[in-house]
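Trainee: Questions regarding the structure given below will be posed in turn.
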């Protein structure tokens with residue numbers, strides 16, 4: 031009996047010991063349970079970037095009925111939907127943990143830019159969740175009004191060849207096919223002859239075919255490439271003194287490839303001069319006995335007269351130096367790169383892909399792969415962070431894109447590319463017949479790729495193309511032109527200059 | 028007697044049931060050194076059996092006798108200890124008592140013919156002593172050693188970088204260490220690409236031999252082009268360009284750039300299976316030329 035009492039007392043004592051010592055720990059567990067939590071696991075985490083107007087889905091232990099408040103930047107977010115889901119963190123996991131999700135609207139008042147804080151309050155406790163980037167519809171240099179097109183200058187032939195010069199001052203330069211003159215279209219639309227046919231050759235070679243050229247951003251010098259009677263000629267033009275200098279004659283494209291410009295063999299297919307005395311050149315390659323237009327990027331240093339190679343590909347001649355930029359997805363293809371030499375940037379077009387290189391250090395800055403929207407879905411998710419956008423390019427991007435989807439791709443300072451999106455969008459992808467359904471997704475629209483901020487933004491709300499079209503593409507009742515239009519330059523106001531209607535017109539944008 | 032037992036039991040329960048304060052254990056009263064182990068060997072990637080066991084003469088921490096192990100039978104192979112896959116993010120260090128330590132890296136083979144994981148030590152790859160100083164962070168690499176001849180069993184070398192604890196950098200500066208791990212590349216000459224395209228050899232090694240690392244090199248991020256500081260590595264003798272690379276101009280951060288891989292193709296004798304009598308079968312495997320640079324972020 032005595033033993034029984036002792037036993038009972040001891041059990042009581044033991045029990046009370048357990049309770050008292052566990053009280054604090056238990057209480058702490060309750061505290062932890064009450065804390066809101068956010069899941070950042072793949073498939074559950076919210077994105078890092080949003081555009082104003084997006085909805086953001088937050089998943090976690092949120093307890094929407096326990097005074098949930100979500101504050102993003104400067105504003106309490108409006109919860110537009112809430113529910114719970116079975117949380118299955120791993121494939122094959124049969125656990126049935128419930129998690130809450132809520133959807134909130136992203137507004138412009140929350141703030142803009144990177145690292146906008148997200149705080150979540152639930153059950154009277156607040157945590158800091160991962161911050162997000164909020165971008166507006168617009169970006170640097172965007173127009174707030176729609177843009178229309180107007181005829182800028184008259185040209186006579188679609189065979190004219192435009193020289194590269196993206197100087198942001200609205201200047202256009204072209205080799206006039208009918209006269210053989212080098213022409214300059216001023217920003218006001220008047221045309222002056224810079225060099226006549228005779229001045230262009232200086233009597234020292236003949237131009238059989240004008241291949242390519244480029245003017246430096248100051249507009250003082252140009253470099254051109256032409257097929258002469260028996261050679262390929264690379265010529266420097268002084269636009270002020272009208273003097274020319276043939277830098278190189280190449281008969282056969284063989285080694286030596288590097289060295290003094292007069293000693294090497296070089297064929298030039300595209301010319302991109304910078305403002306500091308470098309001229310970047312795109313040179314051809316060979317594959318299965320056939321010449322490929324583009325294979326390598328060379329640098330001609332005007333000061334010391336030396337030519338060296340920055341990039342090469344699998345179709346470049348053997349022994350040609352440079353960093354190999356062969357696209358493993360399409361090893362025998364090099365599309366014409368888009369180069370903005372003063373920014374040391376080169377955009378290399380790939381199939382639904384753009385790779386951005388630093389021109390001087392020859393390394394990749396960024397790669398952008400763009401998925402197409404699913405069949406039957408209106409492709410209107412084209413504004414915002416790169417990791418969320420979908421555009422139906424279905425082709426190479428850049429000069430070789432299909433212009434009904436994407437036209438232009440004009441490089442601008444700050445790692446930006448301006449392009450026209452959805453000039454023509456075939457309704458058949460949505461079972462709507464052969465109609466242009468571009469207006470349903472807000473097209474056509476001038477857009478920008480912003481590689482510095484990893485997003486696209488609207489360059490202007492709407493593009494009115496009336497009377498003009500950027501070729502080549504087929505639409506019902508509209509055959510494609512054989513001439514490819516080009517977006518050529520922009521000016522101080524941000525207006526764009528291009529050829530249109532299959533190189534029969536020069537147009538520029540105006541405020542609508 | 029029974030009463031005492033019960034009371035004792037009660038007290039014990041009181042103590043053990045819920046120890047409400049968890050005291051963080053500071054190993055060796057702060058007298059520790061931090062070490063990170065990493066494998067940069069390309070030859071080990073040819074292995075499909077066994078693993079590399081690392082044996083140290085003292086436990087790496089108080090709480091467990093955990094031994095780093097590089098599993099070669101699974102892909103992707105774990106390259107970093109403890110349990111961190113190769114990544115660009117920060118580096119995880121293991122704490123070890125400061126002082127001189129002996130490290131042994133052993134190739135471990137399976138103990139049966141059907142399993143692939145390394146259990147039994149088979150061949151000592153390296154036995155080396157290393158002084159781990161108090162408060163110092165050291166990065167260790169298990170790297171491929173220059174070959175004596177083709178078609179032999181591969182050899183390895185332990186390479187290290189002691190981080191310079193005195194270096195203080197601000198948000199305008201990037202810190203860089205360059206480590207030469209390429210066994211057959213010869214001495215390296217390094218140049219940097221300036222924003223205008225010119226090359227500069229300022230601060231950079233001109234005759235870096237295999238196994239050697241530079242001291243910390245500091246770059247101003249203003250000298251970057253599009254957020255990148257371009258670097259080129261050349262053969263010191265022939266001048267041939269071997270590697271073109273860049274580091275991010277991420278101010279306030281530090282990186283290790285390793286030149287690694289092989290300049291030419293080589294043949295190696297690689298263990299492929301074990302027999303019933305525990306002897307090991309070998310096969311010749313070739314490694315194609317893969318000279319490159321790899322970047323790890325230090326902080």
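Residue numbers (the numbering used here), protein chains in the order written: chain H, 31 to 542; chain P, 28 to 326. Idealized CB from N, CA, C, for every residue including glycine. All figures in this text were calculated on a predicted structure; none of them were measured in a lab.
#1: Against chain P, with Cβ distances strictly below 9 Å, would residue 442 of chain H count as a contact?
#2: Measure the CB-CB distance between residue 98 of chain H and residue 131 of chain H and report whether it falls below 9 Å.
#3: Relative to the ligand SAH, is the shortest distance from any of its heavy atoms to the C-beta of residue 248 of chain H smaller than 8 Å?
#4: Taking Cβ-Cβ distances shorter than 8 Å, what residues in chain H pair up with residue 63 of chain P?
#5: Within 10 angstroms of its Cβ, does residue 138 of chain P collect 16 or more other Cβ (buried), or is it exposed?
#6: Output yes if chain H places a C-beta closer than 9 Å to the C-beta of residue 103 of chain P; else output no.
#7: Verify the CB distance criterion: does residue 227 of chain P have a CB-CB separation below 9 Å to chain H?
#8: So which residues of chain H does residue 338 of chain P contact, with C-beta pairs closer than 8 Å?
#9: Taking beta-carbon pairs under 7 Å, can you tell me which members of the segment 380-393 of chain H lie near chain P?
#10: What number of angstroms, rounded off, separates the C-alpha of residue 65 of chain H from the C-alpha of residue 113 of chain H?
#11: Does the pairing of the segment 187-201 of chain H with the segment 521-528 of chain H give three or more beta-carbon distances under 8 Å?
#12: Please report the straight-line C-alpha distance between residue 403 of chain H and residue 421 of chain H, rounded to a whole angstrom.
#13: Classify residue 529 of chain H as helix, strand or coil using the three-state DSSP reduction.
#14: Grab me the residues of residue 171 of chain P's own chain with a C-beta within less than 7 Å of its C-beta, minus the 5 sequence neighbours each way, in chain order.
#15: Please report the distance separating the alpha-carbon of residue 144 of chain H from that of residue 496 of chain H.
#16: Rounding to the nearest angstrom, what Cα-Cα distance links residue 81 of chain H and residue 426 of chain H in this structure?
#17: Output needed for residue 109 of chain H: all residues of its chain with C-beta closer than 6 Å, excluding positions within five of it in sequence on either side, in chain order.
#18: Using the beta-carbon count (16 or more within 10 Å), is residue 441 of chain H buried or exposed?
#19: Residues of the segment 56-87 of chain H with a CB closer than 7 Å to any CB of chain P: list them in chain order, please.
#20: Please list, in chain order, all residues of the same chain as residue 167 of chain H whose beta carbon is under 7 Å from its beta carbon, the five residues on each side excluded.
#21: Closer than 6 Å by C-beta to residue 395 of chain H: which residues in its own chain qualify, once you throw out the five before and the five after it? Chain order, please.
#22: Along chain H, which residues have their Cβ under 8 Å away from the Cβ of residue 223 of chain P?
#23: Would you kindly work out how many angstroms separate the C-alpha atoms of residue 448 of chain H and residue 119 of chain P, rounded to a whole number?
#24: Cβ atoms of residue 368 of chain H and residue 581 of chain H: under 9 Å apart, would you say?
#25: With residue 231 of chain H as the anchor, note down where its alpha helix (DSSP H) starts and where it stops.
#26: To the nearest whole angstrom, what separates the beta carbons of residue 176 of chain H and residue 490 of chain H, a pair I think is in contact under 8 Å?
#27: So does the segment 504-524 of chain H actually touch the segment 158-166 of chain H, counting three or more Cβ pairs closer than 8 Å?
#28: Work out the CA separation of residue 206 of chain P and residue 444 of chain H for me, nearest whole Å.
#29: For residue 271 of chain H, which beta-bridge partners are listed by DSSP?
#30: I want to see whether chain H comes within less than 9 Å of residue 307 of chain P, judged by CB atoms only; does it?
#31: Is there at least one Cβ from chain P nearer than 9 Å to residue 317 of chain H's Cβ?
#32: So residue 291 of chain H packs on residue 335 of chain H, CB below 8 Å; how close in whole Å?
#33: DSSP three-state label for residue 254 of chain H, please.
Mentor: Let me lay it out:
#1: no
#2: no
#3: Ligands displayed in this structure: none; no statement on the ligand SAH is therefore possible.
#4: Simply none; closest approach about 25 Å.
#5: exposed
#6: no
#7: no
#8: Only positions 28 to 326 of chain P appear in this structure, which leaves residue 338 of chain P out of reach.
#9: 388, 390, 391, 392 and 393
#10: 18 Å
#11: yes
#12: 6 Å
#13: strand
#14: 68, 69, 70, 181, 183 and 210
#15: 38 Å
#16: 26 Å
#17: 132 and 134
#18: buried
#19: none
#20: 81, 82, 413, 487 and 488
#21: 386 and 388
#22: 306 and 390
#23: 43 Å
#24: The question about residue 581 of chain H has no answer here: the residues shown for chain H are numbered 31 through 542.
#25: 227-231
#26: 6 Å
#27: no
#28: 34 Å
#29: For residue 271 of chain H, which the question treats as bridged, DSSP gives no partner whatsoever.
#30: no
#31: no
#32: 5 Å
#33: strand
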